[in-house]
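Engineer: Got a structure for you, questions after.
In structure tokens:
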């Protein structure tokens, strides 16, 4: 059960989550994302954030979540360090009563990110000319999340990966120096999650 800041609410079963993850994984494949590619995720706190992370793991892509409250400069630095080929963002995101125009920040960031080939945009709220979170879409580079998923099948067998393959990159805050990428492996992360579930 998810509740958004304005009070919107969604209930998703585990079966529905599985189908959405598979559709998102297949959508990324249609964009040419393959095992080992890095994907930057710059989203508000919405179900699509978890779906995007799980979709990357399903196809062996390495995801890097960038906090939706970070600036365009912070996003740019993390994308360039990871050499991400795709960015998943949203038209906007609610935060403390206001709307952050995430797509505008993303556009500003990737103007200096030569590795980015595709941008996938989740429609968080209805946009339109003059709207604070209106998303300007660049033909050929930008894709609406819902349109990609509408064309994707919900059947996506998981990509086999090695225990030492990277699962994701998580950057330090950067408050005391250049952000440093922490790189948990697939096996290491699963071991830690298992231990946490058992003992905590």
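Numbering (the numbering used here), first residue to last: -10 to 189.
The C-beta atom is built at its ideal place from N, Cα and C for all residues, glycine as well.
Just verifying my parser: in three-state terms, what is the DSSP assignment at residue 94?
Structural biologist: Correct three-state label for residue 94: helix.
Engineer: Secondary structure at residue 58, three-state DSSP: helix, strand or coil?
Structural biologist: In this structure, residue 58 counts as coil in the three-state DSSP scheme.
Engineer: Give me the Cα-Cα distance between residue 152 and residue 174, rounded to the nearest whole angstrom.
Structural biologist: So the alpha carbons of these two residues sit roughly 7 Å apart.
Engineer: Using only the alpha-carbon positions, how far apart do residue 199 and residue 177 sit?
Structural biologist: Coverage of the chain is limited to positions -10 through 189, which leaves residue 199 absent and any answer about it impossible.
Engineer: Please state whether the Cβ-Cβ distance between residue 10 and residue 50 is less than 9 Å.
Structural biologist: No, Cβ-Cβ distance for residue 10 and residue 50 is not below 9 Å.
Engineer: Can you give the Cα-Cα distance for residue 72 and residue 25, rounded to whole angstroms?
Structural biologist: Each residue's alpha carbon lies about 11 Å from the other.
Engineer: In this structure, how does DSSP classify residue 75 when only helix, strand and coil are distinguished?
Structural biologist: Note: residue 75 maps to strand in three-state DSSP.
Engineer: Can you tell me the Cα-Cα spacing of residue 93 and residue 37, whole angstroms?
Structural biologist: In a straight line, the C-alpha of residue 93 is about 19 Å away from that of residue 37.
Engineer: Starting from the Cα of residue 32, find the closest Cα among 100, 187, 59 and give me that residue.
Structural biologist: Minimum Cα distance to residue 32 is reached at 59.
Engineer: For the putative contact between residue 74 and residue 48, defined by C-beta atoms under 8 Å, what is the C-beta separation to the nearest angstrom?
Structural biologist: The pair is not a contact, with the Cβ atoms about 13 Å apart (cut-off 8 Å).
Engineer: Which class does residue 104 belong to by DSSP, given the choice of helix, strand or coil?
Structural biologist: Three-state result, residue 104: coil.
Engineer: Which of the three DSSP states is assigned to residue 37 in this structure?
Structural biologist: Residue 37 falls in the helix class under three-state DSSP.
Engineer: Which stretch, first to last residue, makes up the alpha helix (DSSP H) that contains residue 182?
Structural biologist: Counting along the chain, the alpha helix (DSSP H) containing residue 182 begins and ends at 175 to 188.
Engineer: Would you mind giving the Cβ-Cβ distance between residue 55 and residue 29, rounded to the nearest angstrom? I have them listed as a contact below 8 Å.
Structural biologist: Indeed, because the Cβ distance is near 6 Å, the residues count as touching under 8 Å.
Engineer: Would residue 70 and residue 124 be called neighbours here (beta carbons separated by less than 9 Å)?
Structural biologist: Cβ atoms of residue 70 and residue 124: not closer than 9 Å.
Engineer: Please determine, among 144, 5, 101, the residue with the shortest C-alpha to C-alpha distance to residue 68.
Structural biologist: The shortest Cα separation from residue 68 among 144, 5, 101 belongs to 101.
Engineer: Starting from residue 138, trace the alpha helix (DSSP H) in both directions and tell me its first and last residue.
Structural biologist: It spans 134 to 139 - the alpha helix (DSSP H) in which residue 138 sits, taken as one unbroken run.
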